[in-house]
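Position 93 of the sequence shown, counting from 1, maps to 115 under the working numbering, and the rest follow consecutively.
By construction, the Cβ of each residue, glycine as well, lies at the ideal position given by its N, Cα and C atoms.
Structure, as structure tokens:
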Amino acid sequence: MTPEYAISAALKSARTSEVRDRLHRLVVRRYAEPGYESERGVYLSNWNDLTRWENGTLVVLDDTMERLENILTKMDYVCDWEDEYAICDDCGSAFRSEPDNYFWQMYGSQDNGDNVCGTCLKAI
Ligand SMILES: [Zn+2]
């Protein structure tokens, strides 16, 4: 099975348009961030189930993303959170835009909507 096949199957089984929108945005990328490795690549998205509270009970409306995450992870891809990364405008790699520890420093630049990773900044 290829990741494209898994994503295509996920699109057919997704029960909500919000999850289908997430699936349409999936693109395999590389990390630009030093210390982050993924030989096959990383997919960035919101991997949470789509849920809603009904009468005090949390109801899962669509668990497609979680199921796809499990499949992609078994295929040795990394699934990470899209709201924690920026995409380099030059090379398309992902670099962290949100801190993950106290000593974190952004490997790149975000300025007026322009995103450039640290590797591309060095090449300027
Ligand atoms: Zn770059």
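- Per DSSP, the continuous beta strand (DSSP E) segment holding Arg118 begins and ends at 116–118.
- Every unbroken stretch of the beta strand (DSSP E) spanning 3 or more residues and falling wholly within the region 56–114 is given here in chain order: 64–67, 72–76, 79–84, 100–103, 107–109.
- Contact between the region 118–126 and the region 60–74 is absent: fewer than three C-beta pairs spanning the two stretches fall below 8 Å.
- Residue pairing from DSSP leaves Arg42 without any beta-bridge partner.
- Note on geometry: alpha-carbon atoms of Asn137 and Gly130 lie some 7 Å from one another.
- For Ser119, the shortest separation between its Cβ and any heavy atom of ligand 1 does not lie below 7 Å.
- In this structure, the CA atom of Tyr27 is about 34 Å from the CA atom of Gln132.
- Residue selection by CB proximity (closer than 7 Å to any heavy atom of ligand 1) returns Ala54, Cys110, Asp112, Cys113, Ser115, Val138, Cys139, Thr141, Cys142 in chain order.
- By the Cβ rule, the region 69–89 counts as touching the region 30–40, because three or more pairs are nearer than 8 Å.
- With fewer than 16 other CB atoms across the displayed protein chains lying within 10 angstroms of its CB, Arg74 is exposed.
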